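In what follows, a structure is listed as structure tokens, so that the remarks can point back to it.
2 protein chains.
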Amino acid sequence: MLRTKFLDYIHEQALFEADDKILLTVSGGIDSVVMSELFVKSNFKVAIAHCNFKLRGEESELDAVFVRVLAEKYALPYFEKSFDTEKYASQKKITIQEAARALRYQWFETLIKRQNFRYFATAHHFDDQIETFFINLYRGTGVKGLRGIQPKAGNCVRPLLFATRDEITAYARKQNLQFREDSSNRSDKYLRNRIRHTIIPAMESVKKDFRTGFQKTFELLTKTEIFINEEISRLRKKIILTDGELIKLPISELKNRSVTAFQLYEILKPYGFGMDAIMKIPETLDKTGKFFLSETHQLNIDRDFLIISPLGTENNETFYINVETKRIEKPVTMGFEKVKSPGAIKIIQDNHVAQLDFDKLEFPLILRKWKKGDVFVPLGMTGRKKVSDFFSDEKFALYKKQNTWLLTSGKNIVWIVGHRIDNRFKIVKNTKTIYKITLK
Amino acid sequence: MLRTKFLDYIHEQALFEADDKILLTVSGGIDSVVMSELFVKSNFKVAIAHCNFKLRGEESELDAVFVRVLAEKYALPYFEKSFDTEKYASQKKITIQEAARALRYQWFETLIKRQNFRYFATAHHFDDQIETFFINLYRGTGVKGLRGIQPKAGNCVRPLLFATRDEITAYARKQNLQFREDSSNRSDKYLRNRIRHTIIPAMESVKKDFRTGFQKTFELLTKTEIFINEEISRLRKKIILTDGELIKLPISELKNRSVTAFQLYEILKPYGFGMDAIMKIPETLDKTGKFFLSETHQLNIDRDFLIISPLGTENNETFYINVETKRIEKPVTMGFEKVKSPGAIKIIQDNHVAQLDFDKLEFPLILRKWKKGDVFVPLGMTGRKKVSDFFSDEKFALYKKQNTWLLTSGKNIVWIVGHRIDNRFKIVKNTKTIYKITLK
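The listed protein sequences derive, respectively, from chains A and B. The first sequence begins at 1112 in this note's numbering and counts up by one. The second sequence begins at 1112 in this note's numbering and counts up by one.
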């Protein structure tokens, strides 16, 4: 019965073709053991992969042994990999669960490519979807967070998504299948487990057949999501300009089209901005200089554009230029020459070229971004000026300000690269050697 | 504290202005009693309205007395109306709860217009929204069913929507307010009550502050709904043609624009079609003749159009034409004359005019729609032909077929109105009196 439903579901959802090679991802728990049995009984071409996340000491090792033996029993190719999940989590500053998820999906993707599998299969079932629904609901969510798990996403297929936990348990019992109990499932440590043990029984006690409503809701919301994505992608094409690494949205376009906070939120989703931040944007379109941060990007409200730039480590990066350096490629391409001064001063009217008095420079020179408090003496002036004021006077957009490099010598700025040198380092009559820098 | 929140909420949501006249709809239960107290304490201009649905015998009467006394205590204008809710429900074939809802909203709308109120206020609170969320989830729903209750919709404002049930209870206790207990609230008879008593405590036991997630979700989904509605209304304008009572969607447009089932569902929502029916439409666009029914409308897949027509009782209606009838206006305008035959047959080449042999007719004539099995002898033929075949041969679209009237005499069809008379009733050489019918 479960196997018939399983085959029907694969067919209905067009998950894969009968002769596709499928990599089964098996933890050793009841769900993935049942999935393996169903695949093997149905004579699909499969192999088994197991991740050892090393999170539960001896238990983790026994899980791995169990799955290896399972693969042997079925005479299936077997792949296993161990991960230092805790280390990865702390490096990436994510939770253990997020780390385990990232690690396993990365490995599965690599594995299917290397081993020539068509898809990898996970054993998510219907009740997992309901749990995910509630997890997201507790956090506050939108359509995407409520529409359930997709049966097919990229290289991943989920052929047990039709089955309830009870159906899987009943099948395992009937087929007398052995599986590993994950002790962490029994505790209410994780929100998911608390939902599983409290909310699902409550939902069921109110209405035995509560899954039908979820099923309909998932279907309708999945369609809703597709609709929204299509409309947003159409809008995105109309209003997004890219400029190297920068994403630019012309403010005039946003205004003309009366783009709403919701539309902006959807457009900017790939850059990780939350609803709370985005909500404020439509009212602050005229407040040049406002900016918002996501985990991965920065959004600046500039004079004419919303500008989204990836957060690099770049902002704190410094690049050294030694006295022998002839050329650098990073962060920008520049050439460096020492030229004997001809005596007469020959000004080069090109912002891409800086001519400095070599003897006044202190090597190594350092290329870095603007910092608060930076001052310099602009060429032609005698007094010091804040670099930020210089930027303002020159009507630099915020992103330009953030992407402009400063060349420094000791504590002094010698060149706002591409814009203005410092008056104190200019070549003068008695300059012996000209240090000529050319920005390519 | 609750009153401060109440005033803040009214302000934030711009529910109404301080000097707007508001009609408070008061059942006598704790929520509406607290609402009344908050309004009165805040010196808004209010009156009280109470519906007696006569559903709980003596209890209903005591509720009405209670609210009347409450209005007297506050010295507020008081309006009361009794309804035969059960009768209304059975007449309209709706549930008692739906009937009560329809009756009260109708009355409130009338009342505020007549009494010159700006809005009527209901005492829905935050937990009501959560209950509604789950009711819809149990049934299967989309964004609209999950986005909560709107604080302001048409002439209705809901200024307690920010408050939890516990906050309302605490306020009532602190202010020592008297209120009526609706005994039906205590039973688990209704899904809403079962949700209130089972799901909400379960949600809270998993995470005390579970309402924050709901709040965020409601906000995001409300924005999502607005977005969808705007996109759909734009699409609707592009593809909907109206033709009298008929709504027509050109199939070529649906195909060119690759309109999805979801878009169709949203477009056709006002006509009450469910997702299940609409889902089938995109695949059946070429299956002329398919039709779908909603509670209020019929959707026909015609050669070139999807045609939506209101369901009338019209289809079963019959109209009588007596021998003296000179003119009818319903269901179509027609004139009837008896003309002495000039002897020679003068054929009138106009489908809007029928000339019949008066002496062959059996009065009253009857005008009715086509029924399965109808046959007639088309003018110029001798054999009988099915009316449905005649329709097909004439390439009648389904809606035209359904909107064509047949004039019958006894058991015979004498005229497919506006199209073809029956050969047996045509005027012949020895016709004495011509019965001339003119379709205006």
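Even glycine gets a Cβ: it sits at the ideal position worked out from N, Cα and C. Just so you know, these numbers come straight off a predicted model, no measurement behind them.
List the residues of chain A whose Cβ lies closer than 8 Å to the Cβ of residue i, in chain order.
i	result
T1335/B	G1253, V1254, T1335, I1339, F1373
Can you look up residue i in the DSSP assignment and give me helix, strand or coil?
i	result
V1498/A	helix
G1324/B	helix
M1445/B	strand
Q1217/B	helix
I1330/B	Here the sequence assigns Glu to residue 1330/B, which means Ile is not the residue at that position. Helix at E1330/B.
V1370/A	coil
Y1199/B	helix
K1537/A	strand
S1138/B	coil
Y1185/B	helix
L1550/A	strand
R1258/A	coil
V1180/A	helix
L1417/A	strand
F1384/B	coil
For residue i and chain A, any beta-carbon pair shorter than 8 Å?
i	result
E1364/B	no
Q1326/B	yes
E1425/B	Only weak support exists for where E1425/B lies, its pLDDT of 47 falling under 50; the coordinates are left without a value.
L1126/B	no
L1396/B	no
L1257/B	yes
Report all residues from its chain with a CB closer than 8 Å to the CB of residue i; omit the five preceding and five following residues, and keep chain order.
i	result
E1425/B	Low local confidence applies: a pLDDT of 47 at E1425/B is under 50, so the model's placement there is unreliable, and no value is given.
F1384/B	Y1376, F1403, S1405, H1408, L1410
T1395/A	K1401, I1412
K1255/B	E1336
Name the chain B residues whose beta carbon is nearer than 7 Å to that of residue i?
i	result
A1313/A	T1309, I1310, A1313
Quick check on residue i - is its C-beta less than 8 Å from some C-beta in chain B?
i	result
L1550/A	no
I1392/A	no
M1386/A	yes
T1323/A	yes
L1332/A	yes
R1303/A	no
Mind pulling the chain B residues with CB within less than 9 Å of residue i?
i	result
E1342/A	F1338, I1339, E1342
To which residues of the same chain is residue i closer than 7 Å at the C-beta, ignoring the five residues directly before and after it?
i	result
L1124/B	Residue 1124/B is actually Gln in this sequence, not Leu. Once the five neighbours on either side are set aside, the close Cβ partners of Q1124/B are P1262, K1263.
T1542/B	S1452, D1468
F1290/A	G1139, G1140, I1141, V1144, A1283
V1486/B	R1495, K1496, K1497, V1498
T1206/B	A1200
K1165/B	S1171, S1193, F1194, D1195, T1196
T1081/A	Nothing can be reported for residue 1081/A, as the shown portion of chain A is limited to 1112 through 1551.
R1114/A	L1149, K1152, S1153
L1126/B	P1262, K1263, V1268, P1270
Against residue i, what residues of chain A qualify as contacts under a CB-to-CB distance less than 9 Å, listed in chain order?
i	result
I1306/B	V1317
Give me the chain A residues within the contact set of residue i, using Cβ-Cβ distance strictly less than 7 Å, ordered along the chain.
i	result
Y1249/B	K1318, F1321, G1324
Counting only the same chain and skipping the five closest in sequence on each side, list residues whose C-beta sits under 6 Å from that of residue i.
i	result
K1496/B	P1489
A1465/A	W1526, I1532, I1548
Would the beta-carbon of residue i be found less than 7 Å away from any heavy atom of the ligand SAM?
i	result
I1389/B	Within the structure as shown, the ligand SAM is missing, as the structure has no ligands at all.
*Evaluate the contact criterion for the region 1124–1143 of chain B versus the region 1246–1254 of chain B: three or more CB pairs, one atom per stretch, below 8 Å.*
no
*Counting Cβ pairs, one atom from each stretch, are 3 or more of them under 8 Å apart for the region 1180–1190 of chain B and the region 1304–1319 of chain B?*
Fewer than three pairs of CB atoms, one per stretch, sit closer than 8 Å, so the region 1180–1190 of chain B makes no contact with the region 1304–1319 of chain B.
*Taking one C-beta from the region 1225–1234 of chain A and one from the region 1259–1273 of chain A each time, how about it: are there three or more such pairs within less than 8 Å?*
yes
*Does the count of Cβ pairs from the region 1426–1436 of chain A and the region 1486–1501 of chain A closer than 8 Å reach three?*
Output reads no: the region 1486–1501 of chain A does not touch the region 1426–1436 of chain A.
*Meets three-Cβ-pair contact criterion under 8 Å: the region 1276–1292 of chain B and the region 1350–1367 of chain B*: no
*Any contact of the region 1313–1324 of chain B with the region 1361–1380 of chain B, i.e. 3+ C-beta pairs under 8 Å?*
Contact between the region 1313–1324 of chain B and the region 1361–1380 of chain B is not established, with fewer than three Cβ pairs separated by less than 8 Å.
*Three or more beta-carbon pairs under 8 Å between the region 1211–1228 of chain A and the region 1168–1177 of chain A, yes or no?*
They do not touch, by the three-pair rule.
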